[in-house]
Structure formats: structure tokens, C-alpha cells
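Here it is as C-alpha cells:
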């Protein structure tokens, strides 16, 4: 396992599989096989990446430096059980699934988890993505690191348990903010107000979060226990059920956390 | 009221007052008076801006093109009642207070609300701040616009009711995200994981929000009704009370919103 990874095969034809294949292909890593049940996509992607199309997991060749299982979380174990690879390095790309589920497929396993949310239409810029690596031994971690370095210098080593914490934090950092802001934009649009008015403030918000001092920099009606403004806002939100609940709960949480503290 | 605003006086010595005074001072607008009860700050700021120090609101001179009341929301009306200005233009800087509370102070009133959260230590970059303007007549709005243009081209015209909606949206965009991310950073730190791992994802989150399509781009366990992952995450958060509540509520809201829809 000391040889560098020069070619890879990929199981899966979803967003993660396509984005990872694209990123490695652009970086001259040979894609040997694209494996999946979606025949149209397997055929299409194999053509794009000059790979052999394979339509059944159990027909995936072990003649590859690395097999990447990039399928949905619940399918990883199902796929792993269909592989009998002896020593071929097998990794998955999930934040919440343990590396151990891969044991059944090979004696050499790992995780290659890009901490990003991918869409189909936009080619991801991997230099701006954190990649979390785990390996069943140090050599594997070293090889996966060399591979990851082709794409980004934001490389983190996390054990399966730690990776779950990061995945949870990512759900908050992406899904929850996205939901809250989507609802807020809709609220303003209903009031015929252009939501772009919020953009500079959003930038400032994230700049402050990045300082790592968000908790110390907390401001706003709930922070200063301004119950009058909170009541006014809740009154306004009575017709926007989802934002009402968010506003009420967040304000209570902030009041609880800072209760009694002086601004 | 057709004359351009060439000099201003400011009531207040908090963050908003200081940042606005600094911004105008840098743009060659003369600061005539700094008015406030905090004698030390009034003296200090008057020196910085070459203004006359005034320690009582009712001693503020009406000989100014514009008086800016930049005090906390509940104090605006109290201050306004102490002014008897006839025609001098008086504005406040609040998102949630109606322009009408200024009527008692002058026949010419307005609002100059910078949509930003200010700190003491960092001089704000006003070119990156949205400013919301309201005036008791069109000439006032025009004059306030000319003044705001010295600082930014992000100028919005909002009536008092609309400004409240924007203030509410700002609380969500800043205070709630700040709180949620502060708690998330603390969660990772407790697990000895460097929170900077989240930075690229946060950037992507905000980039997507900025497209205005956040609701359409929603992803994550709650979006795909992945109850197993949600249960795992809640289990992890049992010891982090505030994040537990946030995670539970947000996931429920997202599940409710997208329930039954196909990804």
C-alpha cells in the first residue's frame, strides 16, 4: 500500500460521484471504471471520463488503485457486501457512515469525505472544499492525503466518530442556514421588499462567525433582552408559521444563554 | 429643504453614532455637535471630529443641516421630546422605530437606517452597507439620498412598516445565524475539532442563499426525510441542550415544508 494512487474507479452516479470523478479527471487521475445501476448515467459518465462502464457492483474490477463508493449513506454497506477485493483500497465518501462497514469488502479501507453540498449543474471548485480523511492504517492515510492534495490543501484527519460530529455541524452550517434564509427571503418578497438588501449584512455575519468569536459578538433584541421588539416581531410573523417558530425558539435560546449577563 | 446637507450633529455615543460620525467625517461632512450624557465619550468624540461637545439633548443647537438621533430604540422618543427645532431636519437610525415619533421635534423628519451590526473596535466599511431611507417629504428623501451616496450605493427607500420587516429579517440574518454558528463552533471545540473545517461550506451556503433560490436548493437529512441520521444527530446532541432544540425544531420545520415532495 505504499504505491501512490494513479487510477481510481467510482461506484455511484449521483452528485458526489460525478463531482469527485470530474475533479480527479481534471487532475490527470485516470478513471478506470464507472459503476452503477443507472445505465444511462453510467454510459454517459464513462464516455466523459474515458472509463469502462460497469452496471453491477459485483462486477467491479479489483484492478484499480482505489475504489470510491460514492452512493447514498444507507446503500454503502449494501454495496460493500457485494465486493470481495482482498487488498484493493476501498473508501466511501460519507460524513455519517463508519469506516468499519467497508471491512467486509477489503482489508484496506478508508474514508474520503468532501465537506460540501454538491449540485448537478455547477462544477465544484475543490480547492475551496475541506476534505476529511480516515484510513485503516497510516500508509492508507498518507496515500489518500497525496490524492486529496491534488484537489485542495484543506485536509483534515478525522476518525469515524469525529466525522459524525463534523457532519452534524455541516447540517447546521448549510441546511439550517439555507432553510432559515430561504424562508426569510420569501417573507421579504411577500412584503414586496427586495431581499438583496440583506446581502451586505449576511457577508458581515459570516465574516464575524469566521473570527471564531461569534458567541462573544452576539447582538440583537434577544441578546439585550428587548422583549418589546421580540413581541413586535412575533406579531408580524403570526401569518408566517415557520419563521414564527424559528424566531420564538432562537430568541428564547439566546435569552437563556445570555440571561443576566451585561452587554 | 432643497439645500444639500453639508454639516450634521449627532445625538448618541454608542456604536452606531460613532460609526456614522466616522464615516461622514472621512467624507468631509462637517460634524457640528456631538450630544450625549456620557461626558467622557462626548468629549473624546468631539475632539476626534472637531465638533462642539454638548452634554444635554435640550441644549443641542438647531443650527445644523441635519440632526441624527443615534440612540437605543426606546430612548429615541425620549430624546425627540426634548428637541424643539421647527424646521431643522431630524432623523433617527433605527430599524424598528417609526418615523412618526420624531414629529414632536421638528416638521422635517426622516430615517437613516444602516442595515448593519456595528462593533466598537472595527471601523465599518459603509460602501458595503445597505442604508434604508425614509423622509417626511420627497425633498428630504432626496437630500438624505445625496448624503447616503457619499457612503454607499446600496440605498433603499422603505416606509416605517417596511423597515420593521427588514429589521426583523436582519435579526434572523445576523443574530440567529451568529448564535447558531457560535454554538456549533463551541460544539466542535468541545470535541477537539478545529471549527475552521466549516469555513468553505459556510461560504458556499451564503453563495447559494445569495442566488435567491435557497428554498429550491435545500438539501440534507431533513430535506430527504432521513429519519435515521436525524435520530443519530439528536442522540449526539443530548448533552448540548441549545443545539438539540435548534436541530430538532429546524429538522421538523424542513420536514414539514418539503414533506412528500420528491428531491
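Chains as they are written, first to last, in the numbering used here: chain U, 1 to 263; chain G, 264 to 526.
For each residue, glycine too, the CB sits at the ideal point set by N, CA and C.
If you look at residue 182/U, you'll find it in the alpha helix (DSSP H) that goes 177-190. Near chain G, meaning a CB-to-CB distance below 9 Å, the residues of the stretch 142-171 of chain U are 152, 154, 156, 158, 161, 162, 164, 165, 166, 167, 168, 169, 170 and 171. The Cβ-Cβ distance between residue 333/G and residue 351/G does not fall below 8 Å. Residues of the stretch 284-312 of chain G whose Cβ lies closer than 7 Å to any Cβ of chain U: none.
Residue 91/U counts as buried, since at least 16 other C-beta atoms from the protein chains shown sit within 10 angstroms of its C-beta. With respect to the C-alpha of residue 220/U, the residue from 425/G, 281/G, 438/G and 366/G having the closest C-alpha is 438/G. If the five residues before and after residue 31/U are omitted, its C-beta is found closer than 8 Å to the C-beta atoms of 7, 8, 9, 10, 21, 24, 25, 49, 50 and 51, all from its own chain and listed in chain order.
Leaving aside the five residues that flank residue 282/G on each side, the residues in its chain whose CB is nearer than 6 Å to its CB run, in chain order, 381 and 387. Around the beta carbon of residue 109/U, 16 or more other beta carbons lie within 10 angstroms, which makes this residue buried.
The alpha-carbon of residue 399/G is positioned some 31 Å away from that of residue 304/G. The beta carbon of residue 267/G does not come within 8 Å of any beta carbon belonging to chain U, so the residue lies off that interface. In the displayed model, residue 422/G falls within coil according to three-state DSSP, outside both helix and strand.
For residue 24/U, there is no enclosing beta strand (DSSP E); the enclosing alpha helix (DSSP H) covers residues 15-26. If you check the CB distance, residue 392/G and residue 443/G do not come in under 8 Å.
For residue 99/U, no chain G residue has a C-beta closer than 9 Å to its own C-beta; the minimum C-beta separation is roughly 16 Å. Within the DSSP bridge table, the entry for residue 330/G names 272/G and 353/G as partners. With contacts defined as CB atoms closer than 8 Å, residue 503/G and residue 448/G fail to qualify as a contacting pair.
Contact holds between the stretch 191-208 of chain U and the stretch 471-480 of chain G, because three or more Cβ pairs, one in each stretch, are under 8 Å apart.
Per DSSP, reduced to three states, the secondary structure at residue 128/U is helical. Close to residue 483/G, with beta-carbon spacing below 9 Å, are these residues of chain U in chain order: 117, 170, 171, 174, 175, 176, 178 and 179. Inter-residue distance for residue 316/G and residue 343/G is about 19 Å (C-alpha atoms, whole angstroms). Remark: C-beta atoms of residue 518/G and residue 485/G approach each other more closely than 8 Å. The Cβ atoms of residue 112/U and residue 151/U lie no closer than 8 Å to each other. By the Cβ-count criterion, residue 417/G is buried, with 16 or more other Cβ atoms from all chains shown falling within 10 Å of its own Cβ. For residue 490/G, the enclosing alpha helix (DSSP H) starts and ends at 490-499. When DSSP states are grouped into helix, strand and coil, residue 381/G belongs to the coil group. Only 500, 505, 506, 508, 509, 510, 512, 513, 516, 517, 519 and 520 from the stretch 500-524 of chain G bring a Cβ to less than 8 Å from some Cβ of chain U. In the structure shown, the three-state DSSP call for residue 216/U is coil. Proximity to residue 436/G across 469/G, 488/G, 277/G and 459/G peaks at 469/G, based on C-alpha coordinates. The C-alpha of residue 297/G is placed about 7 Å away from the C-alpha of residue 275/G. Among the CB atoms of chain G, none fall inside 8 Å of the CB of residue 85/U.
The beta carbons of residue 158/U and residue 171/U sit no closer together than 8 Å.
In chain order, 441, 442, 444, 445 and 448 make up the part of chain G whose C-beta sits under 8 Å from the C-beta of residue 214/U.
For residue 295/G, the three-state secondary structure derived from DSSP is strand. Using beta-carbon distances, residue 496/G counts as an interface residue toward chain U, with a partner under 8 Å. Under DSSP, residue 315/G forms a beta bridge with 296/G.
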